[in-house]
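Chemist: Right, I'll just put the structure down here and ask away after.
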Amino acid sequence: MKIGIFVMILFFLSGCFEEKTQATQQKNASSIYKIPKSSVAMLGVLVSYKDKKIVYSDEVWSKKLFGFEEGDLNSYYMQASAGKFAFKEVSEQSNRENDGIISVVLDQNHPNLDIDSASYEDIVYPSLQDALQKIDKYIDFSNYDFDANGYISANELIIVFIIAGYEDAYEGYHINYGTWAHQNCIDNSSHLITLDGVTLMGCQNNGNFALFGELHNQNNPHMATIGIIAHELGHATFNLPDLYNTTNPNEGGIGYFGLMGSGIWARKNASEYAGQTPTHFCAWSKMYNGWITPVTEKDTQTSLYETASDEYNIIKIPISQTSYYLLENRNDSGYDSGLHALEGNFQGGMALWKIDETKLTAGHILQNDVNSNTQAQGVTLIEAVKGDIDQGGGGNANALFYEGNKNYFQTLITDISKPNRIMSLNVH
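Residue 423 in full-length UniProt numbering is what sits at position 423 of the sequence shown, and the numbering runs on without skipping anything.
This is the structure we're talking about:
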């Protein structure tokens with residue numbers, strides 16, 4: 001790797017909060033919690049240029065986005081949702097029919113712009129229009145206007161652009177032929193595109209898209225790993241906020257303990273690429289997505305099933321009308337094996353989250369500042385043994401509660417068992 005994993009995370013975090021007006025597309029209803037989606041159609045567009053071409057084939061990218069083997073995007077989402085959600089391929093008639101992927105070569109050079117450039121949207125986004133116009137002969141976008149309102153929303157179709165060249169977010173800064181991964185919608189009318197009678201990617205009607213550089217690591221290139229793709233689609237598909245500190249990435253956030261934090265770059269061992277084994281969404285994100293309803297417990301002995309299990313559960317302990325604890329079992333299994341990226345000796349254990357609903361309103365999610373105040377975060381990991389998350393670190397394995405580390409929290413939770421796929425504990 002070009003730079004150390006921890007430094008790379010900080011570089012990523014320092015720029016990722018400038019994901020170009022994420023706030024403009026988060027048009028949440030008054031209730032922020034979701035009716036769960038079982039699937040959303042997705043189109044992957046592989047974009048080549050005169051001076052930079054896509055390396056991997058339609059077939060390889062189709063597997064990466066829609067496959068169900070370890071390291072594939074749908075494998076991650078199916079496990080994280082306990083089998084409740086996966087992306088589905090669009091119907092299209094390009095090179096390999098109905099694999100969800102269409103390739104296009106644009107008659108221009110790679111834009112090669114830093115995402116912070118004032119001209120970024122005026123140069124890059126029209127090229128996305130060009131790409132869609134060129135592939136329109138292979139797909140009827142009107143088939144995805146399920147509510148027949150003339151607009152394609154993120155609930156109907158997500159468009160993902162894989163841009164030839166490199167991923168700037170992996171390096172932490174703009175590089176030659178680089179693109180910074182982000183999701184967005186189009187609010188500039190001159191950049192909007194209407195095809196087959198429907199408008200695509202428009203902010204006004206909750207349209208979204210995401211784009212990524214195809215390759216990670218300029219010095220030793222490899223195909224993009226799924227962590228960053230899953231993270232941006234967490235924004236684009238579910239309107240999830242970032243759970244790192246978007247104001248000061250050197251303080252606060254949830255570290256490696258969730259995909260919407262540093263978990264985007266997790267890996268289960270040193271031989272893996274960063275982001276090859278992204279960690280699970282945290283308990284709150286899963287609740288927000290509508291995948292699970294926590295069970296309130298009091299004065300009982302109970303069990304927590306690991307995140308990789310179809311029996312995965314979350315325990316809720318109320319604190320006040322607007323705050324509560326969420327408990328979950330982050331065992332060394334499935335995609336949570338990525339928690340080996342933590343400092344220390346990761347064995348698994350119980351994660352204890354403190355949730356403050358006053359920081360999780362639609363307004364805070366709109367502004368993407370849920371965890372921007374270290375002293376008053378919306379989603380906080382209560383660390384069993386004081387770690388470094390408040391100083392912007394990725395976290396330590398001893399932040400989890402378990403016998404052999406710390407097996408109680410105040411007098412509220414006691415007799416927490418050793419790490420295992422099923423953990424036991426007492427709630428008082």
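Idealized CB from N, CA, C, for every residue including glycine.
Have a look at Ser190 and Ile123 and give me their C-alpha separation to the nearest angstrom.
Modeler: Whole-angstrom Cα-Cα distance: 12 Å.
Chemist: Only counting the same chain, and skipping five residues up and downstream in sequence, which positions put a Cβ closer than 7 Å to that of Gln129?
Modeler: Cβ within range, chain order: His191, Ile193.
Chemist: Hey, quick one: how far does the beta strand (DSSP E) through Asp332 stretch, first residue to last?
Modeler: Element bounds for Asp332: n/a, residue is neither H nor E.
Chemist: Gln183 bridges to which residues according to DSSP?
Modeler: Bridge partners of Gln183: Ala210.
Chemist: On the criterion of 16 or more Cβ atoms from any shown chain inside 10 Å, does Lys268 qualify as buried, or is it exposed?
Modeler: Flag for Lys268 reads buried.
Chemist: Under a three-way DSSP split, which group does Phe87 fall into?
Modeler: Correct three-state label for Phe87: strand.
Chemist: List the endpoints of the continuous alpha helix (DSSP H) containing Lys63.
Modeler: Its alpha helix (DSSP H) spans residues 58-66.
Chemist: Let's test the definition: count the other Cβ atoms within 10 Å of the Cβ of Val295 and tell me whether it reaches 16, buried, or not, exposed.
Modeler: Exposed.
Chemist: Can you list, in chain order, the residues of its chain whose CB lies under 8 Å from that of Tyr312, leaving out five sequence neighbours each side?
Modeler: Taken in chain order, the residues that qualify are Ala82, Ile292, Tyr305, Glu306, Glu328, Asn329.
Chemist: If you count every other CB in all the chains shown that lies within 10 Å of the CB of Gln25, and 16 or more means buried, which is it?
Modeler: With a pLDDT of only 36 at Gln25, under 50, the local geometry of the prediction cannot be trusted, and the value read off the model is given with reservation. When all chains shown are included, Gln25 counts as buried.
Chemist: When you compare the CB positions of Thr179 and Ile162, do they come within less than 7 Å of one another, or not?
Modeler: Not closer than 7 Å, so no.
Chemist: According to the neighbour-count rule (16 or more other Cβ atoms, all chains shown, within 10 Å of its Cβ), is Glu19 buried or exposed?
Modeler: Because Glu19 sits at a pLDDT of 41, beneath the cut-off of 50, its placement in the model cannot be relied upon, and the following sentence gives the value as read from the coordinates. Buried is the call here.
Chemist: What residue does the alpha helix (DSSP H) around Thr237 start on, and which one ends it?
Modeler: 226-238 is the extent of the alpha helix (DSSP H) around Thr237.
Chemist: So for Trp284, helix, strand or coil by DSSP?
Modeler: Looking at Trp284 - three-state DSSP - the assignment turns out to be helix.
Chemist: Which residues in the same chain as Gln255 place their Cβ atom closer than 6 Å to its Cβ, once the five residues preceding and following it in sequence are excluded?
Modeler: Strictly speaking, residue 255 in this sequence is Gly, with Gln absent from that position. Taken in chain order, the residues that qualify are Gly261, Ser262, Ile389, Gly394, Gly395.
Chemist: Quick check: the Cα distance between Phe336 and Leu342, rounded to an integer number of angstroms?
Modeler: For clarity, residue 336 is Asp in the given sequence; the question names Phe instead. If you take the alpha carbons of Asp336 and Leu342, they lie about 11 Å apart.
Chemist: With distances taken from CA atoms, which of Asn248, Phe238, Ser119 is nearest Met287?
Modeler: The option with the nearest alpha carbon to Met287 is Phe238.
Chemist: Please classify Asn396: does DSSP put it in a helix, a strand, or coil?
Modeler: Of the three classes helix, strand and coil, the one that applies to Asn396 here is strand, per DSSP.
Chemist: Taking the alpha-carbon of Trp61 as reference, which of Phe212, Glu272, Cys282 has the nearest alpha-carbon?
Modeler: Nearest C-alpha to Trp61: Phe212.
Chemist: Could you pull out every residue in the same chain whose Cβ sits closer than 7 Å to the Cβ of Tyr273, ignoring the five residues on either side in sequence?
Modeler: Around Tyr273: His216, His222, Thr225, Arg267.
Chemist: Between Asn426 and Asp415, how many whole angstroms is the CB-CB distance? I'm expecting something under 8 Å.
Modeler: Right, the Cβ-Cβ distance comes to about 5 Å (below 8 Å), so this counts as a contact.
Chemist: Quick check on Gln22: buried or exposed, where buried means 16 or more other Cβ atoms within 10 Å of its Cβ?
Modeler: Annotation note: pLDDT 41 at Gln22 (below 50); position unreliable, coordinate value reported separately. By the neighbour-count rule (16 or more Cβ atoms within 10 Å), Gln22 is buried.
Chemist: If we count Cβ pairs, one from each stretch, closer than 8 Å, do we get three or more for the region 72-90 versus the region 103-123?
Modeler: No: the two stretches stay apart, fewer than three of their Cβ pairs being nearer than 8 Å.
Chemist: Helix, strand or coil for Asp242 per DSSP?
Modeler: It is coil, neither helix nor strand.
Chemist: In chain order, which alpha helix (DSSP H) runs of at least 4 residues are fully inside the region 256-304?
Modeler: For the region 256-304, whole alpha helix (DSSP H) runs of length 4 or above, ordered along the chain, are 283-288.
Chemist: Suppose only complete runs of 3+ residues qualify. What are the beta strand (DSSP E) ranges in the UniProt domain "EF-hand" (141-167), listed by chain order?
Modeler: Correct list: 157-167.
Chemist: With distances taken from CA atoms, which of Gly392, Tyr408, Ser417 is nearest Val385?
Modeler: Of Gly392, Tyr408, Ser417, the residue nearest in Cα terms is Tyr408.
Chemist: Should Arg92 be labelled buried (16 or more other beta-carbon atoms within 10 Å of its own) or exposed?
Modeler: According to the sequence as given, residue 92 is Glu; it is not Arg. Buried, by the Cβ-count rule.
Chemist: State yes or no: is the C-beta of Thr296 nearer than 6 Å to some heavy atom of the ligand MN?
Modeler: What this structure holds is no ligand at all, so the ligand MN is not there to describe.
Chemist: Evaluate the contact criterion for the region 147-162 versus the region 38-47: three or more CB pairs, one atom per stretch, below 8 Å.
Modeler: With a cut-off of 8 Å, the region 38-47 and the region 147-162 count as touching, because enough Cβ pairs lie within range.
Chemist: Just to confirm before moving on: does the CB-CB distance between Tyr76 and Ala230 stay below 7 Å?
Modeler: Yes, the pair counts as a contact, with Cβ atoms nearer than the cut-off.
Chemist: Taking the straight line between their C-alpha atoms, what separation do you get for Asn368 and Leu240?
Modeler: Taking the straight line joining both Cα atoms gives about 9 Å.
Chemist: Skipping 5 residues on each side, what residues in its chain have a beta carbon closer than 8 Å to that of Leu65?
Modeler: Only Met42, Gly44, Asp72, Leu73, Asn74, Phe87, Gly100, Ile101, Val160, Ile229 meet the Cβ criterion.
Chemist: With 16 as the cutoff for other CB atoms within 10 Å, does Pro318 come out buried or exposed?
Modeler: It is exposed - the Cβ of Pro318 has fewer than 16 other Cβ atoms within 10 Å.
Chemist: How big is the Cα-Cα spacing for Val198 and Val47?
Modeler: Spanning the two alpha carbons is a distance of roughly 22 Å.
Chemist: For a minimum of 3 consecutive residues, which ranges assigned as the beta strand (DSSP E) are wholly contained in the region 322-385?
Modeler: Runs of the beta strand (DSSP E) inside the region 322-385: 323-329, 350-356, 379-382.
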